[in-house]
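Taken in order, the sequence shown gives residues 42 to 478; the numbers are from the working numbering.
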Amino acid sequence: MDTIAAISTSLGAGAIGIVRLSGGQALSIALRFFSSSRVKRAEDVVPNHLGLGTFTDGDVHEQCMMVYFRAPRSYTGEDMVEFHVHGGSYLARRVLEALIGAGARLAAPGEFTRRAFLAGKMSLDEAEGVRAMISAESEAELREAYSLMSGRFDDRIDEILRTLTEVLSTMEASLDYPEEMEDEADDSMEKAAAVREEMRKLLSSYGVGKLIKGGVTVAILGKTNVGKSSLLNRLLGYPRAIVSDVHGTTRDVVGESIVYKGVKINLLDTAGLRETTDSVESIGIARSLDAAHSADVVIYVSESGKEEDKKEIEKVLSCLDKVLLVNNKIDILGKGQGGINISAKTGEGIETLLDEVLRLTVGEGRTAETLTEERHADCIRRALAALERGIAAFHKESTECVLVDLRESIDALSEIGGGNATENIINDVFRRFCVGK
Ligand SMILES: Nc1nc2c(ncn2[C@@H]2O[C@H](COP(=O)(O)OP(=O)(O)OP(=O)(O)O)[C@@H](O)[C@H]2O)c(=O)[nH]1
Ligand SMILES: [Mg+2]
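Here you go:
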């Protein structure tokens, strides 16, 4: 394979910039520019040692560090070189240009990791874990990403695959010797049923997994002046939205995120609900309702103790899934009946409110492995559907059909690790990586 190069650190001012090379020519290209008192020729380079030297390209001289990873003991499994140069996007770009001028090719997004996958250094879902680690924004997300990247999730899938393969070979044998193998076939189907449960459990964790990955979206809804924007500001810890005692202050949806107990929460403050003839405010109110419908949880704020027209609230909230009723301003109005009592002004009750948001969404007890990737969920859905068909076929005593369904189930599940993933699937996974990873 040709030798690829890219800047692996983010562009912009920083303490260091890393420029990477991977491929058969990595070391020879690197040594056209790098020299030090110890390193004159390729034989002088000690693998896995970071050495100080000078990168020289025409008039450009840069004191930098270089490290060489010899194949196959590198991230990609190929010969790799990294230059650690002083931070600053121009310098790193200049080094990259020199390497490309000397025969390296600019790497495509995720191409280093793709090569690692092709070299058998990691499975496809582990590669997805690498990407998830990079984009994680909360502790919960990081934990799930690590489970993917470290192969814990992969191990669980492999275990299911092993069982299914065993079931398949027993059923294949029972096709030839139906009478002798009757008991074994029955046992196998019990195993298949256990695997079915396992797959169902994994799939049901996807709801939570999605929330952990994308964050829990919470819309703050209510009439004008009840303190929605004050609540948003209190949750963020700084005055993001305008607060005033004028009714109809907020016109647009204001969105910001926080991390609470390791979970990302996307907050949406919305325009207060009221009858209005103002065309701009009407648009704002329509957006409030859209935000409420797209949210995972709606916090409906009222002023504590103030009766609101029940029918009117019903109209707004009836089709919403998860609603938390909140009585605000308890510092001046006292606690209300029903709902969570808070004061956006003093902060009282805010933790209770956030705990309730988590309880309604990600719950308290998370399972060992949570499904976070749509691609994996899709594979398991197909594998489960095929397995269910197979189990049904067994009870109708059609072993040929059972075999077809079992094979389909195994194929779908194998796609997770990338064993039989098509070029399209692989392209799709790595397309979403950044350049240099
Ligand atoms: N005492 C007290 N005042 C509050 C509290 N929350 C909000 N307020 C006051 O209530 C008024 C309205 O607050 P906002 O946060 O702007 O209300 P809103 O619901 O966003 O209003 P709109 O944007 O017009 O829909 C302001 O004067 C706030 O200072 C609270 O917990 N206690
Ligand atoms: Mg407001």
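Here a beta-carbon is modelled for each residue, glycine too, at the ideal position from N, C-alpha and C.
Nothing here was measured: the structure is a model prediction, and the numbers come from that model.
Worksheet entry | Within the stretch 401–436, ranges of the alpha helix (DSSP H) (whole runs, at least 4 residues) | 415–436
Item to complete: Note down, one range per segment and in chain order, each alpha helix (DSSP H) of at least 4 residues found wholly within the stretch 166–195.
Response: 180–190
Worksheet item: Are the beta-carbon atoms belonging to alanine 133 and valine 126 less than 7 angstroms from one another?
Response: yes
Discussion item. Can you list, in chain order, the residues of its chain with a C-beta nearer than 6 angstroms to that of leucine 447? Leave out the 5 residues immediately preceding and following it.
Written reply: Leu209 and Gly431
Worksheet item: Using the C-alpha atoms, what's the distance from alanine 427 back to arginine 416?
Response: 17 angstroms
Discussion item. What I want to know is whether the C-beta of lysine 347 ends up closer than 6 angstroms to one or more non-hydrogen atoms of ligand 1.
Written reply: no
Worksheet item: Any idea if asparagine 89 is buried or exposed, counting beta-carbon neighbours within 10 angstroms, 16 or more meaning buried?
Response: exposed
Practice prompt. Have a look at Gln104, Asp100, Gly99 and Asp98 and flag the residue whose alpha-carbon is nearest the alpha-carbon of leucine 91.
Written response: Gln104
Item to complete: Taking only heavy atoms of ligand 1 into account, decide whether any of them is closer than 6 angstroms to the Cβ of serine 343.
Response: no
Fill in: Contact belief for threonine 291 with alanine 312 at Cβ below 8 angstroms, rounded distance in angstroms
5 angstroms
Discussion item. Please determine whether the Cβ atom of serine 270 lies at a distance below 6 angstroms from any heavy atom of ligand 2.
Written reply: yes
Fill in: Residue environment, aspartate 42, which counts as buried when at least 16 other CB atoms sit within 10 Å
Checking the sequence shown, residue 42 turns out to be methionine, not aspartate. Exposed.
Discussion item. Taking its Cβ as the centre, do 16 or more other Cβ atoms sit within 10 Å of isoleucine 45, making it buried, or is it exposed?
Written reply: buried
Worksheet item: Which ranges would you report for the beta strand (DSSP E) in the stretch 277–335 if only whole runs of at least 3 residues count?
Response: 295–301 and 304–310
Worksheet item: The alpha helix (DSSP H) with leucine 374 in it runs from where to where?
Response: 371–374
Item to complete: Starting from the Cα of leucine 159, find the closest Cα among Ala181, Pro113 and Ser245 and give me that residue.
Response: Pro113
Worksheet entry | Under 7 angstroms between C-beta atoms of isoleucine 253 and alanine 168 | no
Practice prompt. Mind checking who threonine 97 pairs with in its DSSP beta bridge?
Written response: His102
Worksheet entry | Span separating the alpha-carbon of alanine 149 from that of glycine 477 | 8 angstroms
Worksheet item: Opposite alanine 46 in the DSSP bridges: which residues?
Response: Leu62 and Leu147
Practice prompt. Could you name the residues that DSSP lists as bridge partners for asparagine 382?
Written response: Asn368
Item to complete: Please classify serine 270: is it buried, with 16 or more other beta-carbons within 10 angstroms of its beta-carbon, or exposed?
Response: buried
Worksheet item: Any heavy atom of ligand 1 closer than 6 angstroms to the CB of isoleucine 373?
Response: yes
Item to complete: If I'm right that glycine 58 touches glycine 128 with Cβ under 8 angstroms, what's the distance once you round it to whole angstroms?
Response: 5 angstroms
Item to complete: Locate the alpha helix (DSSP H) running through tyrosine 247, then write down its first and last residues.
Response: 247–255
Fill in: Of the listed residues Leu374, Glu213 and Lys370, nearest to isoleucine 391 (C-alpha basis)
Lys370
Worksheet item: Under the DSSP definition of a beta bridge, which residues are partnered with alanine 121?
Response: Residue identity check: residue 121 is methionine in the sequence provided, not alanine. Answer is Ser63 and Phe110, bridged to methionine 121.
Fill in: Candidates Leu366, Glu353, Ala385 and Arg400: closest to glycine 379 by CA position
Leu366
Discussion item. Quick check: the Cα distance between lysine 376 and asparagine 468, rounded to an integer number of angstroms?
Written reply: 57 angstroms
Practice prompt. State the beta-bridge partners of histidine 127 as determined by DSSP.
Written response: Ile57
Worksheet item: Cβ of aspartate 166 within 7 angstroms of Cβ of glycine 458?
Response: yes
Worksheet item: Relative to the C-alpha of glutamate 429, which residue among Glu119, Ala336 and Met230 is closest?
Response: Met230
Item to complete: State the Cα-Cα distance for the pair threonine 440 and methionine 222, rounded to the nearest angstrom.
Response: 12 angstroms
Item to complete: Give me the Cα-Cα distance between serine 49 and valine 60, rounded to the nearest whole angstrom.
Response: 6 angstroms
Practice prompt. Starting from serine 450, follow the beta strand (DSSP E) in both directions and report where the run begins and ends.
Written response: Looking at the DSSP string, serine 450 is not in any beta strand (DSSP E); the run it does join, the alpha helix (DSSP H), is 440–458.
Item to complete: Using a threshold of 7 angstroms, state whether the C-beta atoms of glutamate 239 and isoleucine 201 are closer than that.
Response: yes
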